[in-house]
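Novice: Numbering (the numbering used here), first residue to last: 7 to 257. Even glycine gets a Cβ: it sits at the ideal position worked out from N, Cα and C.
#1: Of all the options 141, 252, 228, which has the alpha carbon lying nearest to the alpha carbon of residue 50?
#2: By a C-beta neighbour count over all protein chains shown, 10 Å radius and 16 as the cutoff for buried, is residue 78 buried or exposed?
#3: Does DSSP put residue 136 in a helix, in a strand, or in coil?
#4: If you compare alpha carbons, which of 214, 124, 239, 235 is closest to residue 52?
#5: Identify whether residue 44 lies in helix, strand or coil by the three-state DSSP scheme.
#6: Look at the Cβ atom of residue 178, then the Cβ atom of residue 39, and state whether they are nearer than 9 Å.
#7: Hey, would you say residue 210 sits closer than 9 Å to residue 228, going by beta carbons?
#8: I need the boundaries of the alpha helix (DSSP H) containing residue 50, first residue and last residue.
#9: Return the first residue and the last residue of the beta strand (DSSP E) that residue 152 is part of.
#10: Whose C-alpha, out of 131, 157, 153, is nearest the C-alpha of residue 145?
#11: Just to confirm my understanding: we take residue 87, look at its own chain, exclude 5 residues before and 5 after, and list those with CB closer than 8 Å. What are they?
#12: Residue 125 lies in the beta strand (DSSP E); which residues open and close that run?
#13: How far does the beta strand (DSSP E) with residue 107 in it reach, from first residue to last?
#14: With burial defined as no fewer than 16 other Cβ atoms inside 10 Å of the residue's Cβ, what is the status of residue 47: buried or exposed?
#15: With DSSP as the reference, label residue 14 as helix, strand or coil.
#16: Residue range of the beta strand (DSSP E) that residue 98 falls in?
#17: Checking 9 Å against the spacing of the C-beta atoms, do residue 221 and residue 133 come in under that value?
#18: Does DSSP classify residue 7 as helix, strand or coil?
#19: Considering just the uninterrupted stretch of the beta strand (DSSP E) at residue 250, what are its terminal residues?
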């Protein structure tokens, strides 16, 4: 009888251990997270076939609303033209290492080093041209940063450190495997106000364009105050448009 009771207790303990093990979130490797995300957004072939992109935007800040056209190419170049009331009022561009801006009148001027870095980070970030699987080959670093529960969801986190040493935290949704949040300490517009704050960029309304999935809405929030800093909605995305390289170099 004693042996039977002992055997039953051991069996119950084994079942309990298995049950508890299933309750704990599984720790995945960087490679596994990259693969999950890669399949979620459309696959390696579709991403690597993307050479350039054109995005039409509507941007709402607390004090104004404007429209924009964002262009980027795998060369690491980008340009955004801003219009207000149908009038061209601002341009920012990055041609390789050189960043410049035009403020609606006069001649273009050179960007500050910090603003140029912000433009470069925007090109490198997954969600436009490059997949997570390509970031390390471009001189960036990806590493596990544990899990964090936000609004009832236990996100996987990856710390992305850019080649220049700046970093940002990517939040992978454990259900969709999409990157739906990003957090970093930075100024929202470096050449307007250089004061850094902890900004969360939350991405929603994912839609398929060709074979790839893109976010069509995002919101930037100052986590310290809860203040909404900027809302962006995407009106259209064009994959692989023909772009004359000189457009990144001059107004």
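Specialist: Result, derived from the coordinates:
#1: The residue with the shortest Cα to Cα distance from residue 50 is 141.
#2: By the neighbour-count definition (other C-beta atoms within 10 Å, threshold 16), residue 78 is a buried residue.
#3: Coil, per DSSP.
#4: The candidate whose alpha carbon is nearest that of residue 52 is 214.
#5: The three-state secondary structure of residue 44, taken from DSSP, is helix.
#6: Between residue 178 and residue 39, the C-beta spacing is below 9 Å.
#7: For residue 210 and residue 228, no; Cβs fall outside 9 Å.
#8: Its alpha helix (DSSP H) spans residues 50 to 54.
#9: 147 to 156 is the span of the beta strand (DSSP E), which, as asked, contains residue 152.
#10: Answer by Cα proximity: 131.
#11: If we look at residue 87 and ignore the five residues flanking it on each side, its Cβ neighbours are 74, 75, 94, 96, 97.
#12: It is not in any beta strand (DSSP E) - residue 125 instead sits in the alpha helix (DSSP H) that spans 119 to 130.
#13: From DSSP, the beta strand (DSSP E) with residue 107 extends over 104 to 108.
#14: Answer is buried; the Cβ neighbour count reaches 16.
#15: For residue 14, the pLDDT reaches just 42, beneath the cut-off of 50, and the residue's location in the model is therefore unreliable, leaving the point undetermined.
#16: 93 to 101 is the span of the beta strand (DSSP E), which, as asked, contains residue 98.
#17: Yes, Cβ-Cβ distance for residue 221 and residue 133 is below 9 Å.
#18: Residue placement at residue 7 cannot be trusted, given a pLDDT of 44 that sits under 50; what the coordinates show is reported in the next sentence. Of the three classes helix, strand and coil, the one that applies to residue 7 here is coil, per DSSP.
#19: For residue 250, no beta strand (DSSP E) segment is defined, and its DSSP state is neither H nor E.
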